[in-house]
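Novice: Can you read through this structure? Questions will come right after.
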Amino acid sequence: MPRRKLSDLRIVQVPREEEVSNNEGVSGVRSSEVPETVEETQVEVGQRRKSRGRTMLTGLYNLPPGERVQVSRNDAGQPIGAEAGVLANVIGMTARNGSLLPISYESWREMPNGNKNQAVDHIKERFSLEVSDDYVKHALGKKWRDHKSFLKKKYFKNSLSLQEKMQNVPPGLLRYQWEDAVRFWSSTKGEERERVGIASRQKQKYTHTAGSKSFARIANEEELKSGSSVGRVQLFDITHTKKDGSAITPEAAEIMAKMKDKKIEFEATASTNGSANLDDIDNQVIADVLGPERYGRVRCQGSFVTPTKYFGAQSSQYMPSQSRSSQAEVNRLQQQLTQFKAEVEAREAERAAMEAERATREAEREASYKNLENKFQELMTMFKQNPPQNPPS
């Protein structure tokens with residue numbers, strides 16, 4: 000990345016204390032040690048076809064000490080702006096660094112936290128980030144999985160024997176890491192994971208036209224251009240429409256048409272009720288046309304946005320049918336429990352009222368008894384003071 004292109008980015012000067020702290024956090028792995036993207040040249044029908052070469056970013060790594068590229072975030076915690084594109088490139092390069100993030104682990108979950116933290120610190124050497132470390136780790140995990148998938152597709156040939164596969168080490172990759180990955184891919188567990196992945200991809204009916212640019216950046220750019228908020232339905236249209244204005248696939252065109260009709264219907268209902276809300280309407284439209292959200296992602300929101308974060312833990316917008324049935328049962332039981340508690344409270348109130356009435360009657364009886372006793376005592380006193388005279392004989 001030539002130095003002159005950095006003039007289009009926001010560069011900030013960080014305090015010296017932060018500069019020293021960040022440098023101390025990276026133990027021995029410097030910028031120059033990050034391997035670049037392997038330059039790929041594909042041959043098709045006897046002709047060489049050029050493809051994307053190395054990602055250099057030399058200008059970024061030549062920034063003076065203390066300078067950082069500042070990366071902003073949106074309300075969902077996703078990076079936005081031109082700087083976000085540079086950050087994505089560096090995250091990708093870091094994810095391909097076998098010294099930091101070896102491919103020998105079966106999954107990103109098994110990657111030690113120490114490696115992940117070191118990779119984050121390495122990225123922070125050149126960026127002043129508003130996004131969280133959790134976002135960076137999430138993005139690193141995706142790029143790391145993409146990197147393993149690319150290596151497997153290109154160098155793990157089913158036609159080769161296990162020994163030949165192990166010897167077919169990709170350029171720049173440590174042999175022991177490749178051999179560990181080959182052993183896992185060749186295992187029963189690895190083959191089953193591949194079958195699950197293939198089945199999942201076959202269910203995908205359409206892709207998008209966003210390319211490498213994130214949905215968050217596309218939405219932000221459109222909002223800056225139009226001056227108004229971009230909803231999920233509008234973002235679906237933008238990211239599934241080609242440059243000539245046509246939908247990317249017939250399936251996508253059908254979905255967009257259904258969404259348009261549903262949105263008109265819901266907007267009419269909302270305006271009648273006086274409860275129009277862009278986000279709520281878009282959520283209803285997408286749920287009605289595409290069904291409930293799956294766990295882990297929200298359509299047209301990009302990575303790092305989960306259904307729980309977006310809708311709330313109790314929302315039914317994203318619940319699969321089985322979960323919705325379970326939730327309905329929970330709601331029914333909660334209603335029964337509420338009714339039972341109300342009945343118990345009513346009986347308790349009735350019992351308390353009866354007890355109060357009994358206590359009142361008892362108090363009245365006690366008062367009457369005391370009154371009679373007092374009158375009797377008065378009569379006895381009078382009798383003693385004025386005894387009856389015997390009649391003369």
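All the letters of the sequence shown, read from the start, carry residue numbers 0 to 392 under numbering that gives the first Met the number 0. Think of the CB as a built atom: it goes at the ideal place given N, C-alpha and C, for glycine as much as any other residue. Predicted model, so just to flag it, every value in this text is computed and none were measured.
(1) Under 8 Å: do the stretch 187-198 and the stretch 279-290 share three or more Cβ pairs, one atom per stretch?
(2) Got a sec? Which residues, its chain only, sit under 7 Å from D132 by beta carbon, not counting five neighbours each side?
(3) What is the DSSP secondary structure of L62, counted as helix, strand or coil?
(4) If we count the other Cβ atoms within 10 Å of its Cβ and call it buried at 16 or more, is R48 buried or exposed?
(5) Quick check on the DSSP output: the alpha helix (DSSP H) that includes Q201 runs from which residue to which?
(6) In this structure, does DSSP put R182 in helix, strand or coil?
(7) I'd like the span of the alpha helix (DSSP H) that includes I237, first residue to last.
(8) With DSSP run on the structure shown, which of helix, strand or coil describes V304?
(9) Going residue by residue through the stretch 126-169, where are the continuous beta strand (DSSP E) segments of at least 3 residues, counting only ones entirely within it?
(10) Please classify G226 as buried or exposed, where buried requires at least 16 other C-beta atoms within 10 Å of its C-beta.
(11) On the premise that L139 lies in contact with I90, defined as a C-beta separation below 8 Å, what is that separation, rounded to the nearest angstrom?
(12) Excluding five sequence neighbours on each side, which residues of the same chain lie with their C-beta closer than 7 Å to the C-beta of F126?
(13) I'd like the span of the alpha helix (DSSP H) that includes I102, first residue to last.
(14) Take S399 and list the residues in its own chain whose beta-carbon comes closer than 8 Å to its own, dropping the five residues that flank it on each side.
(15) Let me know if S213 comes out buried or exposed under the rule of 16 or more other beta-carbons within 10 Å of its beta-carbon.
(16) To the nearest angstrom, how far is it from the Cα of L289 to the Cα of H239?
(17) Using a 10 Å radius around the Cβ and a threshold of 16 neighbouring Cβ atoms, would you call G295 buried or exposed?
(18) Tell me which same chain residues have a C-beta within less than 6 Å of the C-beta of W177, skipping the five on either side of it?
(19) Do you know whose CA, among F375, Y104, E250, lies nearest Y175's CA?
(20) K123: which of E361, D236, V135, G113 sits nearest, CA to CA?
(21) Please tell me whether, using a cut-off of 7 Å, the distance from the CB of T93 to the nearest non-hydrogen atom of the ligand GTP is below it.
(22) For S213, which of helix, strand or coil comes out of DSSP?
(23) Tell me which same chain residues have a C-beta within less than 6 Å of the C-beta of G80, skipping the five on either side of it?
(24) Hey, is S103's beta-carbon within less than 8 Å of any beta-carbon in chain C?
(25) What are the boundary residues of the alpha helix (DSSP H) that V119 is part of?
(26) Tell me which residue opens and which closes the beta strand (DSSP E) that V11 is part of.
(27) Relative to the alpha-carbon of P170, which residue among S158, E356, I254, K153 has its alpha-carbon at the smallest distance?
(28) Determine the direct distance from the alpha carbon of A218 to that of A348, and round the result to whole angstroms.
(29) Pull up the CB-CB distance for K204 and E250, whole angstroms please, since I reckon it's below 8 Å.
(30) Please name the residue in G84, N114, W107, R9 whose C-alpha comes closest to that of S98.
(31) What span of residues does the alpha helix (DSSP H) with V288 cover, start to end?
(32) In three-state DSSP terms, what is P78?
Specialist: Concretely, from the data shown:
(1) Cβ pair count under 8 Å is below three, so no.
(2) To locate residue 132, count along the sequence shown from 1; it is residue 133. In the same chain as D132, and ignoring 5 residues on each side of it, the C-beta atoms closer than 7 Å to its own belong to V119, in chain order.
(3) Position 63 of the sequence shown, counted from the first residue, corresponds to residue 62. The three-state secondary structure of L62, taken from DSSP, is coil.
(4) Counting from 1 along the sequence shown, the entry for residue 48 is found at position 49. Residue placement at R48 is poorly supported in this model, since its pLDDT is 48, which falls under 50; the coordinates are not used for a value here.
(5) Your numbering for residue 201 matches position 202 in the sequence shown. Where Q201 is concerned, the enclosing alpha helix (DSSP H) stretches over 187-201.
(6) Translated into the one-based positions of the sequence shown, residue 182 becomes position 183. Helix.
(7) Position 238 of the sequence shown holds residue 237. Looking at the DSSP string, the run of the alpha helix (DSSP H) that includes I237 is 231-238.
(8) For this step, residue 304 is matched to residue 305 along the sequence shown. Of the three classes helix, strand and coil, the one that applies to V304 here is coil, per DSSP.
(9) Runs found: 126-128.
(10) Translated into the one-based positions of the sequence shown, residue 226 becomes position 227. Classification of G226: exposed, given that the 10 Å Cβ count is below 16.
(11) Numbered from its first residue, the sequence shown carries residue 90 at position 91. Numbered from its first residue, the sequence shown carries residue 139 at position 140. Contact annotation, I90 with L139: C-beta distance approximately 6 Å; criterion of less than 8 Å satisfied.
(12) Here residue 126 refers to the residue found at position 127 when the sequence shown is read from its first residue. Spatial neighbours of F126 in its own chain (CB-CB distance under 7 Å, excluding positions within 5 residues in sequence) are listed in chain order as R67, V68, V70, L86.
(13) Along the sequence shown, one-based indexing puts residue 102 at 103. Under the DSSP assignment, I102 falls outside any alpha helix (DSSP H); it carries neither an H nor an E label.
(14) With the chain covering 0 to 392 only, the question about residue 399 has no answer from this structure.
(15) As a working mapping, residue 213 is identified with position 214 in the sequence shown. By the neighbour-count rule (16 or more Cβ atoms within 10 Å), S213 is buried.
(16) Residue 289 sits at position 290 when you count from the first residue of the sequence shown. Residue 239 sits at position 240 when you count from the first residue of the sequence shown. Rounded to whole angstroms, the separation of the alpha carbons of H239 and L289 is 15 Å.
(17) Taking the sequence shown and counting its residues from 1, the one referred to as residue 295 is at position 296. When all chains shown are included, G295 counts as exposed.
(18) The residue labelled residue 177 in the question sits at position 178 within the sequence shown. These residues qualify, in order along the chain: V168.
(19) Translated into the one-based positions of the sequence shown, residue 175 becomes position 176. Checked all of F375, Y104, E250; the closest Cα to Y175 is Y104.
(20) Start at 1 with the first residue of the sequence shown, and residue 123 comes out as number 124. Closest in C-alpha terms to K123, from the list E361, D236, V135, G113, comes V135.
(21) Absence of the ligand GTP from the depicted structure is noted, as is the absence of any ligand whatsoever, leaving it without description.
(22) Residue mapping note: residue 213 aligns to position 214 of the sequence shown, counting from 1. Secondary structure of S213 (DSSP, three-state): coil.
(23) By 1-based counting over the sequence shown, the position of residue 80 is 81. Only S71 meet the Cβ criterion.
(24) This model lacks chain C altogether, as it is built from one protein chain only.
(25) Stepping through the sequence shown from its first residue, residue 119 is reached at position 120. Taken as a continuous stretch (DSSP letters only), the alpha helix (DSSP H) holding V119 covers 112-123.
(26) Locating residue 11 in the sequence shown gives position 12, where the first residue counts as 1. Element bounds for V11: 10-12.
(27) Position 171 of the sequence shown, counted from the first residue, corresponds to residue 170. Taking only the C-alpha atoms, the option nearest P170 is K153.
(28) As a working note, residue 348 is residue 349 in the sequence shown. As a working note, residue 218 is residue 219 in the sequence shown. Each residue's Cα considered, the two are about 58 Å apart.
(29) Locating residue 204 in the sequence shown gives position 205, where the first residue counts as 1. Locating residue 250 in the sequence shown gives position 251, where the first residue counts as 1. The pair is a contact, with the Cβ atoms about 5 Å apart (cut-off 8 Å).
(30) Translated into the one-based positions of the sequence shown, residue 98 becomes position 99. Checking every option, the nearest Cα to that of S98 belongs to N114.
(31) Taking the sequence shown and counting its residues from 1, one reaches residue 288 at position 289. First-last of the alpha helix (DSSP H) with V288: 277-289.
(32) Position 79 of the sequence shown holds residue 78. In the structure shown, P78 sits in a strand (DSSP, three-state: E or B).
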